[in-house]
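This report refers to the structure that appears directly beneath it.
In UniProt numbering, the protein residues as written are 1 to 427.
Structure (structure tokens):
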């Protein structure tokens, strides 16, 4: 049985929970409610919840795998570890004061972060990242909320590209030059983010601009992920890479984002066409990486190797002798009046009120689900669907459009008004 952390393959997501995983999810939701109500919560961890399942009867070695199969270290066989006896832990007390949040902060950051996802999808990311340890999952969740508050993540979503340019010089230049772009999906349906490292030089723009750009990428990328897929794939194109392109501070920030603040959002990383000079850089970066992130990294050299992961008709033909998609990246700038609904205060108040009522209804349904037991609550699932539709309805009032929502010369956009995503390939 393939494992990611303590999560058996094919489990751990909305609709695929094992009984222990469902129990952990209920406990974390209960803890979220309790800490909002009381400012503190004490949790007694049940070690069975994050104990790995018993190994399969077949004693054959299992190949270590990342999101695309095989980590950066290759795909050498690994023998399943012997079962470890669960260890009892003392009760864990968590307070909002320790984290620096109020009850209102928790609620605000929670529902700002849910967006159009199933609320469980967000919470489960933190449980999987902490191997189903409810207390550790709650701590990680609260720290992520605190970070989002301190980094003013909502500003990145609320402000348009021109506003971000005014506050963070050369922000739009990063988008215009194609330093990164999202195009199409890989063979697993993950949106693919291409990072053209040769276009980057650390001193060409303020570091705060790069932080905003990274958060912009994270938050925009979330809109491009279509359920049941929950992750993205990154292609670091190191063609033409030199030491002047290396930015250790930015790499640390990106790694921290994926590990701590957007957990379980990274499906795989391809480091493509790395020159000899990169290996000295890699010796510095490698120790920073969480083992789970490191396991998702794979090195490719020839363009044809990319086809193992990305279909040829999805891969830009700039990757010669491999990709056949005649895609040319072009930044689509803001259109006058595209965010007009954000000025409609009456309309905004109405849709936000409806959203808040639905989120409270979801909380009520969750409390009932925890109390009465059962694997699935039909009422809760219905409210989750209503929340998704309401967010899409609310989004034009609370969030500025990004280039993936704008229409190109052919009158086509990638993100549709109903939240669906349509990629256009030119083959």
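By construction, the Cβ of each residue, glycine as well, lies at the ideal position given by its N, Cα and C atoms.
Legend entry - Uninterrupted alpha helix (DSSP H) stretches inside the UniProt domain "CRAL-TRIO" (168-327) (no shorter than 4 residues): Within the UniProt domain "CRAL-TRIO" (168-327), complete alpha helix (DSSP H) segments of at least 4 residues are found at 171-176, 207-224, 248-256, 278-285 and 291-294, given in chain order.
Legend entry - Proximity winner among 139, 330 and 371, relative to residue 127 (alpha-carbon distances): When only C-alpha atoms are compared, the closest one is 139.
Inset, instruction - Within its chain, find whatever has a CB closer than 7 Å to the CB of residue 335; leave out the 5 residues flanking it on each side and keep chain order. - result: The residues are 406.
Inset, instruction - List the endpoints of the continuous alpha helix (DSSP H) containing residue 415. - result: For residue 415, there is no enclosing alpha helix (DSSP H), as DSSP marks it with neither H nor E.
Legend entry - Given residue 111 as reference, the closest of 385, 355, 420 and 425 once Cα atoms are compared: Measuring from the Cα of residue 111, the nearest candidate turns out to be 355.
Inset, instruction - Drop a sphere of 10 angstroms on the beta-carbon of residue 102, count the other beta-carbons inside from all chains shown, and report buried for 16 or more, exposed for fewer. - result: Exposed, since its Cβ has fewer than 16 Cβ neighbours within 10 Å.
Inset, instruction - Closer than 7 Å by C-beta to residue 311: which residues in its own chain qualify, once you throw out the five before and the five after it? Chain order, please. - result: Around residue 311, the same chain offers 187 as residues with beta carbons nearer than 7 Å, after the five sequence neighbours per side are excluded.
Inset, instruction - Just grab the DSSP bridge partners of residue 43 for me. - result: Per DSSP, 92.
Legend entry - Close-in-space but distant-in-sequence residues of the same chain around residue 175 (CB under 6 Å, 5 per side omitted): Correct list, in chain order: 331.
Inset, instruction - Note the first and the last residue of the continuous alpha helix (DSSP H) segment covering residue 128. - result: From DSSP, the alpha helix (DSSP H) with residue 128 extends over 119-129.
Legend entry - Length of the line joining the Cα atoms of residue 144 and residue 261: Residue 261 has its alpha-carbon roughly 5 Å from the corresponding atom of residue 144.
Legend entry - Where the alpha helix (DSSP H) containing residue 333 begins and where it ends: Run containing residue 333: none; DSSP gives neither H nor E here.
Legend entry - Sub-9 Å separation of residue 47 and residue 88 beta-carbons: Cβ atoms of residue 47 and residue 88: closer than 9 Å.
Legend entry - Bounding residues of the alpha helix (DSSP H) (the contiguous stretch that carries residue 111): Run containing residue 111: 103-114, per the alpha helix (DSSP H) assignment.
Legend entry - 9 Å Cβ cutoff met for residue 155 and residue 172: A distance of 9 Å or more separates the beta carbons of residue 155 and residue 172.
Legend entry - Beta-bridge partners of residue 421, as assigned by DSSP: Residue pairing of residue 421 in beta bridges, as defined by DSSP: 415.
Legend entry - Under 9 Å between C-beta atoms of residue 239 and residue 198: Yes.
Inset, instruction - Would you mind sorting residue 244 into buried or exposed? The rule is 16 or more other CB atoms within 10 Å of its CB. - result: Classified as exposed, residue 244 has fewer than 16 neighbouring CB atoms from the shown chains inside 10 Å of its CB.
Legend entry - Extent of the continuous alpha helix (DSSP H) run through residue 149: Looking at the DSSP string, the run of the alpha helix (DSSP H) that includes residue 149 is 134-150.
Legend entry - Straight-line gap, residue 50 to residue 202 (C-alpha atoms, nearest Å): Roughly 41 Å between the two C-alpha positions.
Legend entry - Spatial distance of residue 386 from residue 98 (CA atoms): One C-alpha to the other measures close to 34 Å.
Inset, instruction - Classify residue 23 as helix, strand or coil using the three-state DSSP reduction. - result: If DSSP states are grouped into helix, strand and coil, residue 23 belongs with the helices.
Inset, instruction - Report yes if the C-beta distance between residue 40 and residue 92 is below 9 Å; otherwise report no. - result: No, the Cβ-Cβ distance between residue 40 and residue 92 is not below 9 Å.
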